[in-house]
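Asker: Questions regarding the structure given below will be posed in turn.
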Ligand SMILES: [Zn+2]
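Below, the structure written as structure tokens:
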């Protein structure tokens with residue numbers, strides 16, 4: 001009797017706790033991260049524009065190095081996809097000789113929008129994309145790069161099977 | 001979003017593997033943003049373009065000035081027209097719908113949203129906010 005009473009008392013609390021962490025999504029052995037919570041966190045971070053700009057320097061630095069490595073490849077591209085672009089770090093170092101266009105993809109629409117009005121050296125296209133489920137037609141991409149983002153993807157081998165990732169730092 | 005990008009997007013709902021490209025456009029608002037004409041870039045892009053998908057999509061949004069098949073002789077007028085449609089025409093608002101499973105992908109302020117569980121996520125965010133305020137009230 002006591003234990004039942006205890007259960008009834010505690011039940012609403014458990015319900016509250018588990019409800020927030022998405023009971024609808026299927027959980028596999030590879031599901032380590034709560035992507036919805038991550039998206040909410042990224043959106044919230046980008047809303048405070050000035051504060052979020054103060055922490056751009058880290059991803060900027062790694063983006064700089066990533067673009068530097070792209071220069072080692074002796075070809076130029078028409079389109080490069082930046083997967084998990086955040087507010088736009090790779091785009092700052094990209095120039096017209098490397099690629100004519102950069103397709104910036106991020107799951108956080110607020111991050112994509114933060115620097116929307118800045119003009120860059122390359123043509124920019126923005127798409128809200130979850131790196132765990134890519135919407136690109138097979139063989140439609142020339143190059144996919146990613147800067148400090150794929151470590152938040154749950155099942156990498158399953159998420160990126162069809163595209164050819166040429167240069168990834170994660 | 002420009003048509004050149006639309007040309008590489010497909011429905012990625014789990015199990016939706018056929019007839020999921022191109023996504024059909026509805027309720028679109030277009031804007032023209034002029035950029036520099038670059039014939040070499042256009043030429044290099046042509047082989048990568050799915051021409052049939054591009055033509056049917058252009059027709060959906062009322063652009064009918066393109067030939068049904070890619071012409072063998074490509075002149076400057078053709079390239080200029082193509083430049084305008086592929087690179088300068090921006091879809092600012094609207095939605096993309098999968099012909100196979102009817103999943104809708106919204107386009108807002110020029111940015112297509114390709115997330116699958118957006119509604120679900122929004123609902124949960126609301127629930128979460130409610131839970132938080134309730135917790136605070138407690
Ligand atoms: Zn579909």
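Chains as they are written, first to last, in the UniProt record's numbering: chain P, 1 to 170; chain C, 1 to 138. The beta-carbon is built from N, C-alpha and C at its ideal position, and this holds for glycine as well.
1) Around the C-beta of residue 97 (chain P), are 16 or more other C-beta atoms found within 10 angstroms, so that it is buried, or is it exposed?
2) Would residue 3 (chain C) pass as an interface residue toward chain P - the criterion being a Cβ-Cβ separation below 9 Å?
3) Identify, in the order they occur along the chain, each residue of the same chain with its Cβ nearer than 7 Å to the Cβ of residue 38 (chain P), setting aside the five sequence neighbours on each side.
4) Quick check on residue 128 (chain P) - is its C-beta less than 9 Å from some C-beta in chain C?
5) List the residues of chain P whose Cβ lies closer than 7 Å to the Cβ of residue 45 (chain C), in chain order.
6) If you measure from the beta carbon of residue 107 (chain P) to each beta carbon in chain C, is any gap under 9 Å?
7) For ligand 1, is there any heavy atom lying closer than 8 Å to the beta carbon of residue 102 (chain C)?
8) How about residue 146 (chain P): is its C-beta nearer than 9 Å to some C-beta of chain C?
9) Using 9 Å as the threshold, is the C-beta distance between residue 135 (chain P) and residue 114 (chain C) below it?
10) Would residue 91 (chain P) pass as a contact of residue 120 (chain P) if the rule is Cβ separation under 9 Å?
11) In or out: residue 118 (chain P) buried (at least 16 other Cβ within 10 Å) or exposed?
12) State the DSSP-derived secondary structure class of residue 117 (chain P), mapped to helix, strand or coil.
13) I'd like the list of long-range same chain contacts for residue 79 (chain C), defined as Cβ closer than 7 Å, with 5 residues on each side in sequence excluded.
14) Ligand 1 heavy atoms versus the CB of residue 13 (chain C): any closer than 8 Å?
15) Strictly by DSSP, which residues pair up with residue 97 (chain C)?
16) Within the continuous beta strand (DSSP E) that includes residue 99 (chain P), where are the two ends?
17) Going by the beta-carbon positions, is the gap between residue 144 (chain P) and residue 88 (chain P) smaller than 9 Å?
18) Could you name the residues of chain C that residue 171 (chain P) contacts, counting a contact when the two beta carbons are closer than 9 Å?
19) Under 8 Å from any heavy atom of ligand 1, does the C-beta of residue 117 (chain C) make it?
20) Excluding the 5 residues preceding and the 5 following residue 109 (chain P) in the sequence, name in chain order all residues of the same chain whose CB lies nearer than 6 Å to its CB.
21) DSSP puts residue 31 (chain C) in a beta bridge; with which residues?
22) Could you check where the beta strand (DSSP E) with residue 62 (chain P) kicks off and where it finishes?
23) Can we count residue 117 (chain P) as close to ligand 1, meaning its CB is less than 8 Å from some heavy atom?
24) When every heavy atom of ligand 1 is checked, does at least one fall within less than 8 Å of the C-beta of residue 20 (chain C)?
25) Would a check of beta-carbon distances place residue 103 (chain P) closer than 9 Å to chain C?
Answerer: Working from what's here:
1) Position 97 of the first chain holds residue 97 (chain P). Per the 10 Å Cβ criterion, exposed.
2) Within the second chain, numbered from 1, the residue matching residue 3 (chain C) stands at position 3. Residue 3 (chain C) does not count as touching chain P.
3) Counting from 1 along the first chain, the entry for residue 38 (chain P) is found at position 38. Excluding sequence neighbours, residue 38 (chain P) sits near 152.
4) Within the first chain, numbered from 1, the residue matching residue 128 (chain P) stands at position 128. At least one beta carbon of chain C lies nearer than 9 Å to the beta carbon of residue 128 (chain P).
5) Looking up residue 45 (chain C) in the second chain gives position 45. Per Cβ cutoff of 7 Å: 78.
6) Translated into positions along the first chain, residue 107 (chain P) becomes position 107. Cβ-Cβ to chain C under 9 Å: yes for residue 107 (chain P).
7) Position 102 of the second chain holds residue 102 (chain C). True, at least one ligand heavy atom lies under 8 Å from that Cβ.
8) As a first step, residue 146 (chain P) is located in the first chain; it is residue number 146 there, counting from the start. False, the Cβ-Cβ gap to chain C never drops below 9 Å.
9) Sequence index remark: in the first chain, residue 135 (chain P) carries index 135 (1-based). Sequence index remark: in the second chain, residue 114 (chain C) carries index 114 (1-based). Taking 9 Å as the Cβ cut-off, residue 135 (chain P) and residue 114 (chain C) qualify as a contacting pair.
10) Residue mapping note: residue 91 (chain P) aligns to position 91 of the first chain, counting from 1. Residue mapping note: residue 120 (chain P) aligns to position 120 of the first chain, counting from 1. Result yes, Cβ atoms of residue 91 (chain P) and residue 120 (chain P) sit closer than 9 Å.
11) Residue numbering aside, residue 118 (chain P) sits at position 118 when the first chain is read from its first letter. So residue 118 (chain P) ends up on the exposed side.
12) As a first step, residue 117 (chain P) is located in the first chain; it is residue number 117 there, counting from the start. It is coil, neither helix nor strand.
13) In the second chain, residue 79 (chain C) corresponds to position 79, counting from 1. Excluding sequence neighbours, residue 79 (chain C) sits near 39 and 42.
14) Along the second chain, one-based indexing puts residue 13 (chain C) at 13. Yes, ligand 1 has a heavy atom inside 8 Å of this Cβ.
15) On the second chain, position 97 is the one that residue 97 (chain C) refers to. In DSSP, residue 97 (chain C) forms a bridge with C:24 and C:104.
16) The residue you call residue 99 (chain P) lines up with position 99 of the first chain. Unbroken beta strand (DSSP E) run through residue 99 (chain P): 99-106.
17) On the first chain, residue 144 (chain P) is found 144 positions in, with the first residue counted as 1. On the first chain, residue 88 (chain P) is found 88 positions in, with the first residue counted as 1. No, Cβ-Cβ distance for residue 144 (chain P) and residue 88 (chain P) is not below 9 Å.
18) For residue 171 (chain P) there is no data in the structure shown, the boundaries of chain P being 1 and 170.
19) Counting from 1 along the second chain, the entry for residue 117 (chain C) is found at position 117. No.
20) Stepping through the first chain from its first residue, residue 109 (chain P) is reached at position 109. For residue 109 (chain P), where only same-chain residues beyond five positions count, the Cβ hits under 6 Å are 128.
21) Taking the first residue of the second chain as position 1, residue 31 (chain C) is located at position 31. Paired residues: C:90.
22) Indexing the first chain from 1 puts residue 62 (chain P) at position 62. Segment 56-70 is the alpha helix (DSSP H) holding residue 62 (chain P); no beta strand (DSSP E) there.
23) Here residue 117 (chain P) refers to the residue found at position 117 when the first chain is read from its first residue. Not under cutoff, so the answer is no.
24) If you number the second chain from 1, residue 20 (chain C) lands on position 20. Residue 20 (chain C) Cβ: within cutoff of ligand 1.
25) Reading the first chain from its first residue, position 103 is the one you call residue 103 (chain P). For residue 103 (chain P), the answer is yes, since a Cβ of chain C falls inside 9 Å of its Cβ.
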